[in-house]
Every structure is written in C-alpha cells, then in structure tokens.
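Enquirer: Numbering (the working numbering), first residue to last: 346 to 798.
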C-alpha cells in the first residue's frame with residue numbers, strides 16, 4: 346500500500362519547490378478570499394456607518410479569535426494525523442479520523458455558540474471597550490457566534506481536504522462564500538442600513554454557505570478514504586485521544602496567543618475610539634502579509650506530514666529549507682509594497698485624517714519587522730506536520746505570549762505610548778524566531794518523531 350501511494354502521490358515524488366507552490370497558491374488564493382469577506386465588513390462599515398461602528402467591529406476580533414482559535418487548533422491535530430496516515434497509505438485510519446474530526450467540530454461549534462451568546466457584552470466591558478462602542482460590539486458578537494457550527498465544519502472540512510493534498514476545492518468554496526458575503530454586505534449595510542448587525546448577518550450566512558459546500562464535497566467524494574458518510578460521523582475514542590495529543594498543545598498555544606492579543610486590544614482600547622478604529626483597519630491591511638505566511642505554513646505542514654508518514658525524512662528537510670527561502674523572499678516583496686503604500690491602504694477604509702495618521706504610524710513600525718516571523722511559521726509548520734508540537738508550543742507560549750504579556754503589564758505603564766504597545770510584536774517575533782532556528786537545526790526532534798511512529 347505504501348509503495349502504490351508513493352507512486353500515485355506527487356507530494357511524495359515530485360519537484361519539491363513545484364509541489365510546495367502547488368500547495369501554496371490555492372491555499373493563498375483561498376485565504377485571500379476568506380480575508381476578503383472579513384475585510385469587506387470593515388471596509389463597508391467604515392465607509393457607510395462610521396468610525397464608532399468601525400471600532401465596534403474591530404474590538405470584537407481578539408475575543409472571536411480566542412474562542413475560535415482553541416477549537417481550530419484542536420482540530421488541527423486531525424489534519425496532521427490524516428496527512429501522515431494518507432502519506433503512509435493507512436486509509437482505514439484516515440476514514441476514522443475524518444468522521445471523528447467532523448463530529449468534534451459539530452460539538453465544538455455548539456459550545457462556542459453558547460459561550461459567545463452569553464459572554465459577549467461582559468467581555469467587551471472587561472476589555473475596556475469605550476462605553477459608546479460596547480452596544481454595537483456586543484450585538485455584532487451575538488449574531489456572529491450563531492454561525493460557529495458552520496464555521497468549524499468549514500474549517501475542519503477544508504483542513505481534511507488540504508491534508509490529502511486537495512487545495513483547489515477549498516479555494517472554490519471560499520470564492521463562493523466571499524461572493525455571498527460581499528453581496529449581502531452591500532445589501533444589509535450600504536443599501537438597507539442595518540449597521541453592524543447587517544455585517545454580522547452577512548458573515549453568518551456566508552459561513553453557512555461555505556459549510557454546505559464543504560460537506561457536499563466530502564459526501565460526494567466517491568471511493569476515497571476521506572469520503573464522508575453521515576451515519577459514520579461519531580467520535581472514535583482512540584482517534585480522539587490522538588487528536589487531543591497533537592491538537593491540545595496547538596489549541597493551548599492559540600488560546601494563550603489570543604489572550605495576549607486581548608490584553609493588547611484592551612490596552613489599545615484605552616487610547617480611545619480613533620486608535621481602536623486605526624488598529625481595526627491595520628489588522629485588515631496587514632492580512633496581506635499574514636495570509637501569505639500562513640498559506641506557506643499550511644503548505645509545508647501538509648508536505649512535511651505526508652512525507653514524514655511515507656518515511657521520506659530527507660525530503661522533509663529539503664522541503665523546509667526551500668520553504669524558508671521562498672517565504673523570506675515573499676516577505677521582503679510584501680514589505681516593500683506595504684510600507685510606502687500605508688496611507689493609500691488606510692484611505693480605502695476610512696477618510697478620517699486622525700485614523701489614517703495613527704494607522705500609518707502603526708504600519709511604519711510593524712511592517713519592517715515582518716521578516717522576523719518567517720522562521721516561526723515555516724519551522725513550526727514542519728514540526729507540526731511531523732507530530733512534534735510540545736516544544737514549538739512552549740517556545741510560542743513563553744516568548745510570543747507570556748513575554749508579550751509581561752511587556753504590556755510592566756513596561757507599557759512606564760511609557761504609556763502607542764509605539765510602546767506595538768513594539769511588543771517585533772520584540773517577541775525576533776526572540777521566538779531565534780529559538781525556533783536553534784531548536785530545528787540543532788535539536789534531535791526528528792529522531793524523537795521517528796521513534797513515535
């Protein structure tokens with residue numbers, strides 16, 4: 346079975362750079378459309394409703410990421426297992442993992458919905474959101490969290506497809522969802538003045554559309570180990586333990602990462618509505634970089650996972666080196682575009698001169714530091730693909746999360762300026778990258794992973 350799988354699977358035999366690019370581009374374009382329909386909310390709200398509404402939508406981001414990130418991180422354990430077992434030709438295990446992962450996403454989505462509905466306003470107040478922003482922010486969150494089940498089904502389903510090397514259908518699904526969201530955004534915000542509620546409703550409907558599409562793809566995939574059969578959708582205890590073993594560290598990492606972002610958002614909120622709005626726009630503008638980087642991270646995770654499962658360990662190492670080179674070059678290009686275009690990009694979202702000025706200040710500090718994150722994303726992607734999640738999680742938790750929190754708690758009060766807050770990002774990116782490089786190139790992580798196969 347292993348031999349036949351190797352012959353038929355180009356990820357295991359094809360040109361490494363070519364295979365990485367074939368994995369990357371559909372993921373990148375898919376991520377582009379995903380961020381497009383997230384960004385359209387901000388763009389339309391900022392231009393058709395106003396700065397207060399723009400701040401309300403932006404203030405919700407870290408809280409959503411905290412809850413959603415935990416379950417997405419947990420389900421990533423399933424994607425890694427599926428990738429490894431598909432590369433090894435163990436199709437029976439793939440079948441069990443697919444059905445367990447989707448059942449888990451259904452339960453997780455229900456939990457998230459309840460948590461979001463009952464905690465939205467409390468959390469917004471706790472995050473020091475200005476009083477005039479809290480009502481709209483809480484309303485947006487309550488509607489948004491209604492779509493948690495379809496959102497998790499979509500994330501898990503596309504993770505399954507990407508794990509087996511199918512990156513095109515997730516792209517097509519995102520194009521459909523993006524078009525649905527854009528049309529509804531214009532209808533419910535620009536034409537029918539429903540404000541932030543209209544933006545949230547548009548997002549939920551687009552999430553439902555994407556979930557229906559991904560379920561259709563999985564059900565209609567005939568004679569493949571990842572074909573979904575609803576009667577088999579239950580949680581296998583053995584598979585669930587394996588998913589948790591790999592996914593829990595990633596979930597904990599995502600949660601702590603987002604806790605630090607919530608603390609930073611709370612700190613940002615203390616600077617007032619103008620700064621909140623500028624930070625909201627910046628978080629959309631810089632997605633151009635993050636979606637490029639995360640797409641390469643997903644590509645190398647799939648590549649490393651399948652080749653590790655097929656015991657092609659030298660190919661894993663070569664793929665990682667090539668991915669580091671490609672991603673570094675791409676980062677330099679993105680930075681060279683974004684830095685001089687800062688003011689232009691902000692004017693797309695807001696015509697408020699104060700918002701634009703603060704936004705440009707943020708971008709000029711953070712954009713040059715993007716290159717510091719390359720090693721974190723690529724090396725952690727390789728390590729995750731091979732099943733090594735504990736040490737990468739510890740590095741991220743202690744450097745990116747806890748050090749950032751310490752900076753905000755102990756340093757920012759001494760110099761309470763926006764630049765002091767935002768400097769916490771390049772500082773922690775740089776230190777974490779150094780540790781990842783040392784661990785990957787000097788550590789014995791691969792031998793440990795081999796012994797656990």
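From the three backbone atoms N, C-alpha and C, an ideal C-beta is built for every residue, glycine too.
1. Just how far apart, CA to CA, sit residue 550 and residue 417?
2. What are the boundary residues of the alpha helix (DSSP H) that residue 576 is part of?
3. DSSP state of residue 476, grouped into three classes?
4. In chain order, which alpha helix (DSSP H) runs of at least 4 residues are fully inside the stretch 482–537?
5. Should residue 787 be labelled buried (16 or more other beta-carbon atoms within 10 Å of its own) or exposed?
6. Given this structure, state the Cα-to-Cα distance separating residue 612 from residue 753, to the nearest angstrom.
7. Identify, in the order they occur along the chain, each residue of the same chain with its Cβ nearer than 7 Å to the Cβ of residue 637, setting aside the five sequence neighbours on each side.
8. Taking Cβ to Cβ, would you say residue 567 is nearer than 8 Å to residue 444?
9. If we call anything under 8 Å between Cβ atoms a contact, is residue 649 one with residue 592?
10. For the pair the stretch 625–641 and the stretch 390–404, tell me if three or more CB-CB distances fall below 8 Å.
11. So, does the stretch 775–785 touch the stretch 710–723, judging by three or more C-beta pairs under 8 Å?
12. Between 432, 481 and 600, which has its C-alpha nearest residue 542's C-alpha?
13. Whose C-beta lies closer than 6 Å to the C-beta of residue 348 among residues of the same chain, with five residues either side of it excluded?
14. If you draw a straight line from the C-alpha of residue 499 to the C-alpha of residue 760, how long is it?
15. Mind checking which residues open and close the alpha helix (DSSP H) that includes residue 552?
16. Give me the Cα-Cα distance between residue 355 and residue 487, rounded to the nearest whole angstrom.
17. Spell out a yes or no on whether the stretch 458–478 and the stretch 424–440 are touching, meaning 3 or more CB-CB pairs, one atom from each, closer than 8 Å.
18. Quick one: grab the DSSP three-state call for residue 760.
19. Could you spell out the range, first to last residue, of the alpha helix (DSSP H) harbouring residue 354?
20. Check whether the stretch 705–715 touches the stretch 655–664, taking contact to mean three or more Cβ pairs, one atom from each stretch, closer than 8 Å.
21. So for residue 685, helix, strand or coil by DSSP?
22. If you draw a straight line from the C-alpha of residue 461 to the C-alpha of residue 762, how long is it?
23. By the three-class DSSP mapping on this structure, what secondary structure does residue 799 have?
24. Three-state secondary structure (DSSP) at residue 618?
25. In angstroms, rounded to a whole number, what distance separates the CA positions of residue 464 and residue 408?
26. What is the rounded straight-line gap between the Cα of residue 511 and the Cα of residue 584?
27. Rounded to the nearest angstrom, what separates residue 646 and residue 601 at their Cα positions?
Expert: Let me lay it out:
1. 20 Å
2. It is not in any alpha helix (DSSP H) - residue 576 carries neither H nor E in the DSSP assignment.
3. coil
4. 493–508 and 513–530
5. Answer is exposed; the Cβ neighbour count stays below 16.
6. 8 Å
7. 373, 675 and 679
8. no
9. Cβ distance not < 8 Å, so residue 649 and residue 592 don't count as in contact.
10. yes
11. yes
12. 481
13. In this prediction, residue 348 has a pLDDT of 42, which is less than 50 and means its spatial position is unreliable; what the coordinates show is noted afterwards. Closer than 6 Å at the Cβ level, and outside the excluded window around residue 348, lies no residue.
14. 43 Å
15. Going by DSSP, residue 552 is part of the alpha helix (DSSP H) stretching over 540–565.
16. Approximately 45 Å, taken between the alpha carbons.
17. no
18. Under the three-state reduction of DSSP, residue 760 is assigned to coil, being neither helix nor strand.
19. No alpha helix (DSSP H) holds residue 354; DSSP gives it neither H nor E.
20. no
21. coil
22. 32 Å
23. Here the chain covers residues 346 to 798 and nothing more, so residue 799 does not appear.
24. Three-state result, residue 618: helix.
25. 10 Å
26. 22 Å
27. 21 Å
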